[in-house]
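Take a look at the structure below.
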Amino acid sequence: MIKNIKCDFQSELEKIQFINNKWKLDFKKNQIKYYDKLILTCPFPQLKKLSKKYIKDPFIKQKIKMDANITVMIEIKKTNKNISSYLFDDKILGWAAKENSKKRFKSINDLWTLQSTNLWANKKINKNRENKEKNSKILIDQFFKLTGIKKTKILTSLNHGWKYSSNSRPFKIKSYWNTKLNLGVCADWFVGPRVEAGWISANDLFKKMNK
Ligand SMILES: Cc1cc2nc3c(=O)[nH]c(=O)nc-3n(C[C@H](O)[C@H](O)[C@H](O)COP(=O)(O)OP(=O)(O)OC[C@H]3O[C@@H](n4cnc5c(N)ncnc54)[C@H](O)[C@@H]3O)c2cc1C
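Note that this note's numbering has the sequence shown beginning at 1, numbered continuously upward.
Structure follows, in structure tokens:
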């Protein structure tokens, strides 16, 4: 869907200013750009930091606590278990998905995504960069313990942490649009923790803009 849309990745927006009916955007690499309309779609804490001068709607004052998430992707030797995913009732490990079952690629090994619970990640996230190996080991050990899969050598392992991964309490509005400023906000956290929540929010903004 974004095939014909110009995208600049890896450019952090640091400051926004509304000057003479144009949005002046300051990016980290000393880049400045001007636009007529601005739609922000980033985690709530970053949004607040960028836009508090311009957004006066009560939603911006709401206190939300974004939950963290720590995920480890592992590669192990093929097992005979024909299972696509596990949902655990555990304090540390939330669920595990076998990527091979999605049939996006072929591999002679088993590839698993292990996702922590928010509860555990909230406690570990601030030091996850320093403790990557330690935290990965905790999740991996838990995976073998809970699934009963025989502990085997980890051929590859990759840890990734999200500090602001999800908001499980929806807002009263699904998106925000300010006609005077030509400023919009949409994001999953307005609606819920899953990707469809992001779509619902964006669709709601689209409708508001085209009223
Ligand atoms: C570990 C994990 C697993 C998930 N698994 C699932 C799943 O299995 N199924 C499912 O439905 N959903 C899942 N989700 C949720 C799903 O990923 C989100 O709902 C969806 O990505 C939200 O889309 P979004 O566009 O609202 O926000 P995001 O995808 O979070 O996009 C926001 C973007 O803003 C960028 N950004 C932030 N600040 C700035 C700035 N100052 N300047 C420039 N850019 C900035 C960020 O880098 C990011 O790319 C998962 C989320 C996580 C974290």
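For glycine and all other residues, C-beta sits at the position ideal for the given N, C-alpha and C.
Contact between the segment 55 to 63 and the segment 72 to 91 is absent: fewer than 3 CB-CB pairs across the two stretches fall below 8 Å.
Unbroken beta strand (DSSP E) stretches of 3 residues or longer found wholly inside the segment 16 to 56: 22 to 27, 31 to 35, 38 to 40, given in chain order. If you draw a straight line from the Cα of residue 72 to the Cα of residue 2, it is about 29 Å long. Here residue 67 is actually not in contact with residue 201; their C-beta atoms are around 18 Å apart, not less than 8 Å.
Distance from the CA atom of residue 42 to the CA atom of residue 12, rounded to whole angstroms, is 11 Å. Separation of residue 15 and residue 46 (C-alpha to C-alpha, rounded to the nearest whole angstrom) is 11 Å. When the five nearest sequence neighbours on each side are left out, the beta carbons in the same chain lying within less than 8 Å of the beta carbon of residue 34 are those of 22, 23, 24, 25, in order along the chain. If you look at residue 72, you'll find it isn't in any alpha helix (DSSP H); it sits in the beta strand (DSSP E) that goes 67 to 76. If you draw a straight line from the Cα of residue 32 to the Cα of residue 109, it comes to about 47 Å. Comparing alpha-carbon positions, the option among 50, 99, 172 lying closest to residue 190 turns out to be 172. Under the three-state reduction of DSSP, residue 142 is assigned to helix.
Distances taken from the Cβ of residue 69 to the heavy atoms of ligand 1 include one shorter than 7 Å. The nearest non-hydrogen atom of ligand 1 is 7 Å or more from the C-beta of residue 185. Between the segment 151 to 163 and the segment 117 to 134 there are three or more inter-stretch CB-CB distances shorter than 8 Å, so the stretches are counted as touching.
Going by C-alpha positions, residue 198 is about 21 Å away from residue 4. The distance from the Cβ of residue 116 to that of residue 148 is about 20 Å, inconsistent with a contact at the 8 Å cut-off.
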